[in-house]
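One structure is given below, encoded as structure tokens.
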Amino acid sequence: MSRPKKRDVALHAPLADEPSLDTQGFERPRAFMDDVDEDLSPLLEISNRPVVSARQFDRAQIVQLSRLAARYETQPQVINRPLTGKILISAFYEPSTRTRLSFESAWHRLGGDVMSITDPLSTGLAKGESLYDIGEMLNHYGDVVVLRDSNEKSIYEMIEALRIPIVNGGNGVDEHPTQALADVYTLLKWRPGLADPSCQEPPARIGIIGVPGQMRTVRSLLILLSRFASGIAEVTIVTDETQPFDPGQREELEADGLRIRVENDLDAVLPALDVVYINAIAWKGDDYEAMGSRFRLHAGSPLAEGAIVLHPLARGEELDRSLDPTPHNWYFAQARGAVFVRMALLSAMLKTYV
Amino acid sequence: MSRPKKRDVALHAPLADEPSLDTQGFERPRAFMDDVDEDLSPLLEISNRPVVSARQFDRAQIVQLSRLAARYETQPQVINRPLTGKILISAFYEPSTRTRLSFESAWHRLGGDVMSITDPLSTGLAKGESLYDIGEMLNHYGDVVVLRDSNEKSIYEMIEALRIPIVNGGNGVDEHPTQALADVYTLLKWRPGLADPSCQEPPARIGIIGVPGQMRTVRSLLILLSRFASGIAEVTIVTDETQPFDPGQREELEADGLRIRVENDLDAVLPALDVVYINAIAWKGDDYEAMGSRFRLHAGSPLAEGAIVLHPLARGEELDRSLDPTPHNWYFAQARGAVFVRMALLSAMLKTYV
Amino acid sequence: MSRPKKRDVALHAPLADEPSLDTQGFERPRAFMDDVDEDLSPLLEISNRPVVSARQFDRAQIVQLSRLAARYETQPQVINRPLTGKILISAFYEPSTRTRLSFESAWHRLGGDVMSITDPLSTGLAKGESLYDIGEMLNHYGDVVVLRDSNEKSIYEMIEALRIPIVNGGNGVDEHPTQALADVYTLLKWRPGLADPSCQEPPARIGIIGVPGQMRTVRSLLILLSRFASGIAEVTIVTDETQPFDPGQREELEADGLRIRVENDLDAVLPALDVVYINAIAWKGDDYEAMGSRFRLHAGSPLAEGAIVLHPLARGEELDRSLDPTPHNWYFAQARGAVFVRMALLSAMLKTYV
Numbered sequence: 008m009s010r011p012k013k014r015d016v017a018l019h020a021p022l023a024d025e026p027s028l029d030t031q032g033f034e035r036p037r038a039f040m041d042d043v044d045e046d047l048s049p050l051l052e053i054s055n056r057p058v059v060s061a062r063q064f065d066r067a068q069i070v071q072l073s074r075l076a077a078r079y080e081t082q083p084q085v086i087n088r089p090l091t092g093k094i095l096i097s098a099f100y101e102p103s104t105r106t107r108l109s110f111e112s113a114w115h116r117l118g119g120d121v122m123s124i125t126d127p128l129s130t131g132l133a134k135g136e137s138l139y140d141i142g143e144m145l146n147h148y149g150d151v152v153v154l155r156d157s158n159e160k161s162i163y164e165m166i167e168a169l170r171i172p173i174v175n176g177g178n179g180v181d182e183h184p185t186q187a188l189a190d191v192y193t194l195l196k197w198r199p200g201l202a203d204p205s206c207q208e209p210p211a212r213i214g215i216i217g218v219p220g221q222m223r224t225v226r227s228l229l230i231l232l233s234r235f236a237s238g239i240a241e242v243t244i245v246t247d248e249t250q251p252f253d254p255g256q257r258e259e260l261e262a263d264g265l266r267i268r269v270e271n272d273l274d275a276v277l278p279a280l281d282v283v284y285i286n287a288i289a290w291k292g293d294d295y296e297a298m299g300s301r302f303r304l305h306a307g308s309p310l311a312e313g314a315i316v317l318h319p320l321a322r323g324e325e326l327d328r329s330l331d332p333t334p335h336n337w338y339f340a341q342a343r344g345a346v347f348v349r350m351a352l353l354s355a356m357l358k359t360y361v
Numbered sequence: 008m009s010r011p012k013k014r015d016v017a018l019h020a021p022l023a024d025e026p027s028l029d030t031q032g033f034e035r036p037r038a039f040m041d042d043v044d045e046d047l048s049p050l051l052e053i054s055n056r057p058v059v060s061a062r063q064f065d066r067a068q069i070v071q072l073s074r075l076a077a078r079y080e081t082q083p084q085v086i087n088r089p090l091t092g093k094i095l096i097s098a099f100y101e102p103s104t105r106t107r108l109s110f111e112s113a114w115h116r117l118g119g120d121v122m123s124i125t126d127p128l129s130t131g132l133a134k135g136e137s138l139y140d141i142g143e144m145l146n147h148y149g150d151v152v153v154l155r156d157s158n159e160k161s162i163y164e165m166i167e168a169l170r171i172p173i174v175n176g177g178n179g180v181d182e183h184p185t186q187a188l189a190d191v192y193t194l195l196k197w198r199p200g201l202a203d204p205s206c207q208e209p210p211a212r213i214g215i216i217g218v219p220g221q222m223r224t225v226r227s228l229l230i231l232l233s234r235f236a237s238g239i240a241e242v243t244i245v246t247d248e249t250q251p252f253d254p255g256q257r258e259e260l261e262a263d264g265l266r267i268r269v270e271n272d273l274d275a276v277l278p279a280l281d282v283v284y285i286n287a288i289a290w291k292g293d294d295y296e297a298m299g300s301r302f303r304l305h306a307g308s309p310l311a312e313g314a315i316v317l318h319p320l321a322r323g324e325e326l327d328r329s330l331d332p333t334p335h336n337w338y339f340a341q342a343r344g345a346v347f348v349r350m351a352l353l354s355a356m357l358k359t360y361v
Numbered sequence: 008m009s010r011p012k013k014r015d016v017a018l019h020a021p022l023a024d025e026p027s028l029d030t031q032g033f034e035r036p037r038a039f040m041d042d043v044d045e046d047l048s049p050l051l052e053i054s055n056r057p058v059v060s061a062r063q064f065d066r067a068q069i070v071q072l073s074r075l076a077a078r079y080e081t082q083p084q085v086i087n088r089p090l091t092g093k094i095l096i097s098a099f100y101e102p103s104t105r106t107r108l109s110f111e112s113a114w115h116r117l118g119g120d121v122m123s124i125t126d127p128l129s130t131g132l133a134k135g136e137s138l139y140d141i142g143e144m145l146n147h148y149g150d151v152v153v154l155r156d157s158n159e160k161s162i163y164e165m166i167e168a169l170r171i172p173i174v175n176g177g178n179g180v181d182e183h184p185t186q187a188l189a190d191v192y193t194l195l196k197w198r199p200g201l202a203d204p205s206c207q208e209p210p211a212r213i214g215i216i217g218v219p220g221q222m223r224t225v226r227s228l229l230i231l232l233s234r235f236a237s238g239i240a241e242v243t244i245v246t247d248e249t250q251p252f253d254p255g256q257r258e259e260l261e262a263d264g265l266r267i268r269v270e271n272d273l274d275a276v277l278p279a280l281d282v283v284y285i286n287a288i289a290w291k292g293d294d295y296e297a298m299g300s301r302f303r304l305h306a307g308s309p310l311a312e313g314a315i316v317l318h319p320l321a322r323g324e325e326l327d328r329s330l331d332p333t334p335h336n337w338y339f340a341q342a343r344g345a346v347f348v349r350m351a352l353l354s355a356m357l358k359t360y361v
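Residue numbers (the working numbering), protein chains in the order written: chain A, 8 to 361; chain B, 8 to 361; chain C, 8 to 361.
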């Protein structure tokens, strides 16, 4: 057997190239910080309470969380480990490396310690213990809980016993509010004017390839977008589903001012979009299912000049690597920002903003 | 699909109510501290040695460990991270979230770092490595080991190679000494006079629903209770088993002064008990088995006024949630105290009492 | 059931005896430090780059890494937690407790935090995510990655996306460079003169029981040994395989000056060896396979007086415990040194030498 051909690359190329400063560097978050005044008062309401739904956040809170995230992204040296001695309990009953490491990294960068639960079989759950009892136990062991569970009701059961705050890290097909905060943080770095209802910029045309009633990331994102409805011309949902919304879901969003259209021909709508959000998995029956290959973005897709592509990752075939080196690729910047947004949220929950 | 009904609760109720101060607050451990003089000298014998069996502890050590636990429980602000730079190896070859997190939380609160082994398949054990070799390896990687293994002999095999201290986190059906320390810490907060052999209070009547020869928590608890025999009127074992003890087990306890009675009618004995200890699982044949539903405590059980209920948790059907809001519920306080007792024990093992 | 007979040992014997100071104590690393001048300049090339292959290290780097390891081994009190705030991502897609804990312990002792990925099923890999995408993600979550994967190409795929350094913790049957660094560190403590090309000591006769083309530890070790060819009389490969080398492997080593002989009668060659390296597992077909029992070292083996035995551990039947208490046992010292060598390497990668 001969050894891999990649060896020489590895031995001689020190590290991968730094990405474009435009999307991943300091200028975008710096500009956003300059554009928005710091005002921590909206964040006081977030302190010491559970974060379950995107519904809990109003525009001012989202903007100030994003501003705090931008501060962490541009001035990492100012962080003085304010969470030293604090313990995050990272309970991922539904496996997820990406979200788990993102939270744990955020907590560590603020100076805290982490205890992880990653193996469902190792937990009391497997022995039939109730989520109420697990929550009661966690009160004594840590300072904040992050929970991911494929059962959307689990967080509500655990919360009844919790006297420490919990963050929803994804509850079944229901919500994934911190992913949505990362999505909107990316949008605010892309167009800081979104934060300002009186902004004179043309409103953004946003496309979401996915099913709002079957995808937690899309559900939470739409709720947060509704807080910025005045800056959004329209949200186009691209889907094959005839009933892509849960009962009442579309009505709630429209009541909050969001204009929504549903289409099923991706390439026909792409040229008119400023932002294209695409996701990989949806809930079908009783398990997640990858989206079909019908909706697929690649370097040849008819994206408008200047249009940005977002994806919560991990991706499947729906987002082709040929887009990676193009300026449409904002999904890597989005992943980067997710750590800083979670730092901001955890800081707000514990009232440690420095 | 409609979303969960619990949503509104989660959005508007900040956190669960604080529990009764009487069982979970500062007054009980404070009163215990006032009642007992600090004397760290008995703890010197614990430093730098393995903790395998409840047999290793005499009355003075248990009382002083409990006093140290009470100090941590009431004065968390005095802890100056004395274990900074020290590493706990948390080896749970038999899965257990509750005990694992309890130890890891205790270690983190003292400032140390933790390395966890939670997946039996990932270990050398799965590759056929001997426990002796694993122990030899751990000497170089950490400062203290906590081991849980369903094979009761494992800790004895590992200990032959260890030059760092190990704590038994549960070895099969043999012992669980730190759980027993947490149980007795709870008893001492409930009745500080137990610590004093010359105390004039009426002796405690303790009932244990379980099988001393098949439950490690019960085995270890009985040994610790025998150190306080002068303050205990009688221990009533409630069981269906005709031979609930291992050969010699009852004799050893009685030789240490414990008065023991065996009964099988729970409701008949309950009214005369001050303390009722109940457990969920026992060893049957070659696996753990949940206790049957015959012995079951609930709000309608004929508990004496002022009687307290203990349970090492996780619980099954034997302990009904209807008892949770009653003053009989001391099991949540017991779980809370378990972290502080482990902090005290680990501090004593490393001679860092501050 | 009666309890284990080992109980009394555990209760009364405090800890296992300290090992021989000659192999595990401070004198050997101290002597090596005295013998070699500190010169950190060769380590500058290691900073901020991936460590994939033993090929990346020249003699001066190996010697100075070993000297730095010796400093950590003899002066643990001088380490001032230089990696505080830095995060190690410990990604073990192929399970390994020994190597994982060794890296994590090294990182913790330097003051850093660790995030572990130990369950392959919990990762994006299981969901079909590419290693490129995982690497891109890890850029944002930590400061260094350690990767072990049974697929030897994985590290090369991940490295294309990484802008933070990665360390190869074992890639299939290809390489295990940090194990080889630990092996050579042991050799340098045994015979400091190896570090000096002009040394007048008789050259070392080294035997390796194993298959260079099928064992990653042997492959990496041979490469490092070739950097010290002037101090090595000959390397004897003891194997049953008719083609123990990969194409070109032996030629590369001989071009670097290493004299190599292949034999298949272990006991016949043992008496002439100063160093005997033995390993447990080899790659056969599409899985690892334990070495047969034909090559086996034990207290009765015809080892030369003063000969030392090395083994990367975990061991199987090929290395009998009867050798443990003999002065031939340098494998435990080798395991101990592995932590300090990894501390040295990680320090060099992050340019924090104190």
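Virtual Cβ for every residue (Gly too), placed ideally from N, Cα, C. Everything numeric in this text was worked out from a predicted model, so none of it was measured.
Among the options, nearest to residue i - alpha-carbon criterion
i        : options                                   : result
B:Ser150 : B:Glu182, B:Leu108, B:Pro184 and B:Ser54  : A small correction: the amino acid at residue 150 of chain B is Asp; Ser does not occupy that position in the sequence shown. Of the listed residues, the one whose Cα sits closest to B:Asp150 is B:Ser54.
C:Cys206 : C:Arg198, C:Met222 and C:Thr359           : C:Arg198
A:Leu357 : A:Leu90, A:Pro204 and A:His183            : A:Leu90
C:Gly214 : C:Ala240, C:Glu159 and C:Phe235           : C:Ala240
C:Tyr338 : C:Ser329, C:Glu325, C:Ile315 and C:Ala351 : C:Ile315
A:Tyr284 : A:Ser237, A:Ser97, A:Ala189 and A:Pro209  : A:Ala189
Distance between residue j and residue i (C-alpha atoms, nearest Å)
i        : j        : result
B:Ile173 : C:Leu22  : 9 angstroms
A:Gly344 : A:Met40  : 14 angstroms
C:Leu353 : C:Trp114 : 8 angstroms
B:Asn175 : B:Arg155 : 7 angstroms
B:Tyr79  : A:Leu169 : 22 angstroms
B:Glu45  : B:Leu304 : 37 angstroms
C:Arg105 : C:Ala321 : 8 angstroms
A:Arg223 : A:Thr333 : 28 angstroms
A:Gln63  : B:Val348 : 38 angstroms
A:Val43  : B:Ile141 : 56 angstroms
C:Glu101 : A:Glu111 : 22 angstroms
B:Tyr360 : A:Asp263 : 57 angstroms
B:Gln221 : B:Leu228 : 13 angstroms
B:Ile166 : A:Ala67  : 58 angstroms
A:Gly323 : B:His147 : 43 angstroms
Status (buried if at least 16 other CB within 10 Å, exposed otherwise) for residue i
i        : result
B:Gln341 : buried
C:Phe33  : exposed
C:Gln250 : exposed
C:Ala202 : buried
### Message
So if I threshold CB-CB distances at 7 angstroms, which residues from the segment 321-341 of chain A count as touching chain B?
### Response
none
### Message
Short of 8 angstroms Cβ to Cβ, which residues in the segment 166-200 of chain B face chain C?
### Response
Ile166, Glu167, Ala168, Leu169, Arg170, Ile171, Pro172, Val180 and Asp181
### Task
Quick one: which residues of the segment 39-71 of chain A get their C-beta closer than 7 angstroms to a C-beta of chain B? List them in chain order.
Listed by position, the residues of the segment 39-71 of chain A near chain B (Cβ gap below 7 angstroms) are Asn55, Arg56, Pro57, Val59, Ser60, Arg62 and Gln63.
### Task
Count the C-beta pairs between the segment 307-318 of chain A and the segment 276-286 of chain A that are closer than 8 angstroms, then say yes if the count reaches three, no if not.
yes
### Message
Closer than 7 angstroms between beta carbons: that is the criterion. Which residues of the segment 219-244 of chain C meet it against chain B?
### Response
Only those residues of the segment 219-244 of chain C whose C-beta falls short of 7 angstroms from the nearest C-beta of chain B would be listed, and there are none.
### Residues within the segment 139-154 of chain A neighbouring chain B, beta-carbon criterion of under 7 angstroms
Asp140, Glu143, Met144, His147, Tyr148 and Gly149
### Task
Report yes or no: do the segment 71-88 of chain A and the segment 256-270 of chain A share at least 3 C-beta pairs separated by less than 8 angstroms?
no
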